[in-house]
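**Student:** Mind looking over this structure? Questions follow.
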Amino acid sequence: MERLLTNRRTKIRFDDYESEWFDMENSIGQGDPLSMILYIIYSLDLVEMAKDKNELTLAFIDDTALIAIGKMFKE
Numbered sequence: 001m002e003r004l005l006t007n008r009r010t011k012i013r014f015d016d017y018e019s020e021w022f023d024m025e026n027s028i029g030q031g032d033p034l035s036m037i038l039y040i041i042y043s044l045d046l047v048e049m050a051k052d053k054n055e056l057t058l059a060f061i062d063d064t065a066l067i068a069i070g071k072m073f074k075e
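Residue 60 in the UniProt record's numbering is what sits at position 60 of the sequence shown, and the numbering runs on without skipping anything.
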């Protein structure tokens with residue numbers, strides 16, 4: 001697992017721009033089949049945050065939405 005997440009390099013491409021290669025401290029390759037599994041494990045506490053009947057968490061792979069319903073902002 002450590003070899004998968006360390007010693008990685010990347011560059012940024014956008015329109016006509018291309019950066020130099022730079023090191024990534026902790027990362028996983030985009031499109032790697034393990035990325036969604038590792039993200040689900042990492043974000044599990046976030047998904048379990050909604051405890052009240054007026055709170056809801058919706059999650060699918062790497063998209064998460066926290067919804068809270070109340071009459072006033074402080075609720």
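Cβ coordinates follow ideal geometry from the N, Cα and C atoms, glycine included. This one's a predicted model, so the numbers in the text were calculated from it and none came from an experiment.
(1) What three-state label does DSSP hand D45 in the structure shown?
(2) What does a CB cutoff of less than 6 angstroms around K11 pick up in its chain, not counting 5 residues either side in sequence?
(3) Assuming contact is defined by CB atoms lying nearer than 8 angstroms, are S43 and T57 in contact in what I supplied?
(4) Please report how far the alpha carbon of G29 lies from the alpha carbon of Y17, in whole angstroms.
(5) Would you say M24 and R8 are within 8 angstroms of each other, going by their C-beta atoms?
(6) Closest by CA to A50, which one among S27, I69, D62?
**Tutor:** Working from what's here:
(1) Helix at D45.
(2) These residues qualify, in order along the chain: S19, W21.
(3) Not a contact, by the Cβ cut-off of 8 angstroms.
(4) Their backbone Cα atoms lie some 21 angstroms apart in a straight line.
(5) Yes. Within cutoff.
(6) Here the closest residue by C-alpha is I69.
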